[in-house]
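S.K.: The structure is given below, and queries will be raised subsequently.
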Amino acid sequence: MFKRWLPFLLFTFTLVGCLSESVPGQALDGGDKTAALQPHVSVSGKALYHYARARLLALDNRLPEAVAALERAIDADPHSAYLRMVMAEIQLARGEEKLARRAVEDALIQDPDYIEAHLLLGNLLLNSQSYQGAIEHLTRAIDLDPTLEKVYLQLAVAYVRGGATDDAIGILKRLLGQNPASMVGRLALARLYHQLGLTSLAEQVYGEFIEKHSLQIQGYVELAQLYTQLNKGQQALAVLRRGLTQDFAEDRSRYPLLRAMVELGYVDEALVELRTMLKENPQRVEAQRLSGLLLLEKKQWQQAGEAFRKLLEMDPSHEQGLFYLGLVHENQQQWTEAIATFEKVPDTSDFFLDATSHLGYLYYRQGQLEKAIQVLEERLQKSQGRPQLFSFLASLYREHNENTKAGNWLQRGLEIFPESAELYYHRGLLRESGGNRKGALEDMRRAIELDDKHYEAMNFIAYSYAEQGESLDEALTLARQALQLNNEGHILDTLGWVLFKLKRFDEARGELEAAAALLPQDGLVQEHLGDLYRELGLLDKAAAIYGRALKLRPQDEKLRNKLQQLSPH
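Here it is as structure tokens:
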């Protein structure tokens, strides 16, 4: 027919995960036999033809016809609980949960001890937040078969969601009484204690878990997390180190412990452990990779470079190693080596587009604008790229005074990424530079629609309105919103300029003075402050600021005239 217990197993996975997320690492195998349950298969000869036809139709995904065939089978064998369970599964496959629930309830009328029916109905009720009903059916299932380990966990979930945490603890203890070796049961109990804030009990049960299951890394990681939350850093570190001493069959079991060490803030300690591992076996590729990444994070460029070079000696095609070695060269200002390394990253790599960004930047930084454009164009022909690459290429064309090509690339980017706020923002800048203010404002508004935290688009609209002296109330709102998201100098200047245009000079002063202090080399920002001082009658200050601005913009005749008008004073 189809994978009969797929819906049930999906419920199991989802619901058990709700109790607490598992830590990446070795899988827990509690020996549960839920998935191996066999239904009470009982189909009379008269019903068999219709049942077989329903199976074939379901396999062909002709579900409405399968339902009709199965209804005829049930008519021929009205006491078959199994046929009603099959009906429930087909209805679930159709998305008809209410009909599925009715079918499984009918199955239980025919056979009150049908374990699989109790399990399926319990999960359906749990999924619909009918916790008491779920508890009744899941409890009945384990009463009928106490070895169904995962069902205890589902029952604990139902109790927790229904607010009966003591009962949840009780059912997990019942599981451990039934099977003291249950890994999933003991780990679930430790997690539940942890989530309830019963930290002493959680610590105790995690300790028991580690003693009984010393090769299961989850116990070490989660106990270390608990100790960290309790500000017991040395105990957390000791637990992780204890885990690293275990005789794992494979090295890969150690790395989640090292990652946990890093995530909990013990970077130097993790590096010590990695050095020990590499001393024992210099061919440990993953240990070399992690060492390089941690040294990179610590900005120890030379040591990071050595780590990645050793990694590439072991695996010359290691794409991440190539990319990060390029990054090391870049941060050491070894431009030629950085370019050569980034160029080795293949176009099939997940790091290809990142390498492309760095290549474009490095060529641009070296004054090779045309080469930067060429590299970006060639590489964007090989992949869909990403919005930032299209906007970067467009900005290079703008600098090259080729606005038409810039627009073409932005348009191509928008065809691929129509929901990119970044591309609309850059097209807005391009339109504004071409005199299309209306189109620019439309693009900026679209950018904000797509990203309500796009402070640059907000700032653009606010400043544009201030310059034109229009919609100043909206400009003030946008400028303040932008400033809440990012208090950079140019946004402070916009807010001050809007307040200036509103003739709220005293309020504008603080913003414009702060902007001028943050951006001392921006002539326009300095001029705005000079204009404010002039309006406030602080003419000496205005003259000094205009003089400073004129040094930054010596060709600005309007600015020169402002200064000359103040000179008699």
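Heads up: the sequence shown runs through residues 838 to 1406, numbered per the working numbering. Here a beta-carbon is modelled for each residue, glycine too, at the ideal position from N, C-alpha and C. A quick note: this is a predicted structure, and the numbers were derived from the prediction, not measured.
Taking Leu1403 as the reference, give the member of Lys1388, Lys1378 and Leu1389 with the closest Cα.
M.R.: Of the candidates Lys1388, Lys1378 and Leu1389, the one whose C-alpha sits nearest the C-alpha of Leu1403 is Lys1378.
S.K.: For the candidate residues Arg1341, Ser1154, Val1165 and Leu990, whose alpha-carbon lies nearest to that of Gly1129?
M.R.: Of the listed residues, the one whose Cα sits closest to Gly1129 is Val1165.
S.K.: Assuming Leu1111 and Ile1054 are in contact, meaning their beta carbons sit under 8 Å apart, how far apart are those beta carbons, in whole angstroms?
M.R.: Not confirmed; about 16 Å, so no contact.
S.K.: Do you know offhand how far Gly862's Cα is from Gln1062's?
M.R.: The predicted position of Gly862 is uncertain, since its pLDDT is 39 and thus under 50; a value taken from the coordinates is nonetheless stated next. So the two alpha carbons sit approximately 15 Å from each other.
S.K.: Considering only their Cβ atoms, is the gap separating Gln1218 from Ile1253 smaller than 7 Å?
M.R.: Not a contact, by the Cβ cut-off of 7 Å.
S.K.: Would you grab the beta carbon distance between Phe1188 and Gln1157 for me? Rounded to a whole angstrom, and I think it's under 8 Å.
M.R.: Between Gln1157 and Phe1188 the Cβ distance is about 6 Å, and since that is below 8 Å, they are a contact.
S.K.: Return the chain-ordered list of same chain residues with a C-beta closer than 7 Å to the C-beta of Val1335, the five sequence neighbours on each side being excluded.
M.R.: Ala1299, Ala1303, Leu1309, Ala1312, Leu1313 and Ala1316, listed in sequence order.
S.K.: May I ask you to report which of helix, strand or coil DSSP gives Phe1046?
M.R.: Phe1046 falls in the helix class under three-state DSSP.
S.K.: What residue from His1155, Arg1126 and Phe1160 has the CA that sits closest to Gly1144's CA?
M.R.: For the sequence presented, residue 1144 should be read as Ala rather than Gly. Minimum Cα distance to Ala1144 is reached at Arg1126.
S.K.: If contacts are defined as beta-carbon pairs under 8 Å, then Leu817 and Gly1056 qualify, I think. What distance do you get, rounded to the angstrom?
M.R.: Outside the displayed span of the chain (838 to 1406) sits residue 817, for which this structure offers no information.
S.K.: Going residue by residue through the stretch 927-963, where are the continuous beta strand (DSSP E) segments of at least 3 residues, counting only ones entirely within it?
M.R.: Listed in chain order, there is nothing to give.
S.K.: Would you tell me roughly how many angstroms separate the C-alpha atoms of Gly1000 and Leu1033, rounded to the nearest one?
M.R.: For Gly1000 and Leu1033, the distance between alpha carbons rounds to 11 Å.
S.K.: Is the Cβ-Cβ distance between Gln1083 and Ser1051 less than 7 Å?
M.R.: Taking 7 Å as the Cβ cut-off, Gln1083 and Ser1051 qualify as a contacting pair.
S.K.: Nearest by alpha-carbon distance to Ser1019: which of Leu990, Ala1005, Tyr1030 and Glu1040 is it?
M.R.: Minimum Cα distance to Ser1019 is reached at Leu990.
S.K.: Looking at Arg909: is its Cβ nearer than 7 Å to the Cβ of Ala944?
M.R.: No. Outside cutoff.
S.K.: List, from N- to C-terminal side, the beta strand (DSSP E) runs of 3 residues or more that fit wholly inside the stretch 1120-1202.
M.R.: None, since the stretch 1120-1202 contains no complete beta strand (DSSP E) of that length.
S.K.: For Gln1211, is the classification buried or exposed, using 16 other Cβ atoms within 10 angstroms of its Cβ as the cut-off for buried?
M.R.: Classification of Gln1211: exposed, given that the 10 Å Cβ count is below 16.
S.K.: Could you pull out every residue in the same chain whose Cβ sits closer than 7 Å to the Cβ of Asp914, ignoring the five residues on either side in sequence?
M.R.: Hits under 7 Å: Val880, Ser881, Lys883, Ala884 and Leu920.
S.K.: For Arg779, is the classification buried or exposed, using 16 other Cβ atoms within 10 angstroms of its Cβ as the cut-off for buried?
M.R.: Residue 779 lies beyond the range of the chain shown here (838 to 1406); nothing can be said about it.
S.K.: Quick test of your reading: Gly1271 and Asn1240, contact by CB under 8 Å. State the CB separation rounded to the nearest angstrom.
M.R.: About 6 Å separates the two Cβ atoms, so the contact holds.
S.K.: When the Cα atoms are used, what is the spatial distance from His1263 to Ala930?
M.R.: Between His1263 and Ala930, the C-alpha separation is close to 46 Å.
S.K.: Just confirm the distance between the C-beta atoms of Leu1260 and Gly1276, as a whole number of angstroms; I'd bet it's less than 8 Å.
M.R.: 14 Å between Cβ atoms; not a contact.
S.K.: Go ahead and pull the three-state DSSP assignment for Asp1280.
M.R.: Asp1280: helix per DSSP, three-state reduction.
S.K.: May I have the straight-line CA-CA distance separating Asn898 from Ile972, to the nearest angstrom?
M.R.: Straight-line Cα distance between these residues: approximately 33 Å.
S.K.: Between Lys1290 and the rest of its own chain, which residues show a CB-CB distance below 6 Å, the 5 nearest in sequence each way excluded?
M.R.: Excluding residues within five positions, the ones whose Cβ falls inside 6 Å are Leu1322.
S.K.: Quick one: measure Cβ to Cβ for Leu963 and Ala995, integer angstroms, because I've assumed they're closer than 8 Å.
M.R.: Indeed, because the Cβ distance is near 5 Å, the residues count as touching under 8 Å.
S.K.: Please identify the residue among Ala1258, Pro1255 and Leu1266 whose C-alpha is closest to the C-alpha of Ala1243.
M.R.: Closest option to Ala1243, Cα to Cα, is Leu1266.
S.K.: Tell me the residue span of the alpha helix (DSSP H) that contains Leu1400.
M.R.: Start and end: Glu1394 to Leu1403.
S.K.: So is Arg1223 buried or exposed if we call it buried at 16+ other beta carbons inside 10 Å?
M.R.: Result: buried.
S.K.: Verify the CB distance criterion: does Trp1334 have a CB-CB separation below 7 Å to chain B?
M.R.: Here there is only one protein chain, and chain B is not present.
S.K.: Across the stretch 1370-1388 and the stretch 1337-1355, are there enough close Cβ pairs to call them in contact, namely three or more that are closer than 8 Å?
M.R.: Result yes; three or more Cβ-Cβ pairs closer than 8 Å.
S.K.: If we ignore side chains and look at the alpha-carbon of each, how far apart do Glu1279 and Phe1229 end up?
M.R.: So the two alpha carbons sit approximately 21 Å from each other.
S.K.: Short check: CB of Ala1258 to CB of Leu1226, under 7 Å?
M.R.: The answer is no: Cβ separation not under 7 Å.
S.K.: Going by C-alpha to C-alpha distance, which of Leu1115, Met1151, Leu1148 and Tyr1161 sits closest to Lys1136?
M.R.: Looking at the Cα atoms, Tyr1161 is the closest of the given residues.
S.K.: Considering just the uninterrupted stretch of the alpha helix (DSSP H) at Gly1056, what are its terminal residues?
M.R.: Where Gly1056 is concerned, the enclosing alpha helix (DSSP H) stretches over Ile1054 to Gln1066.
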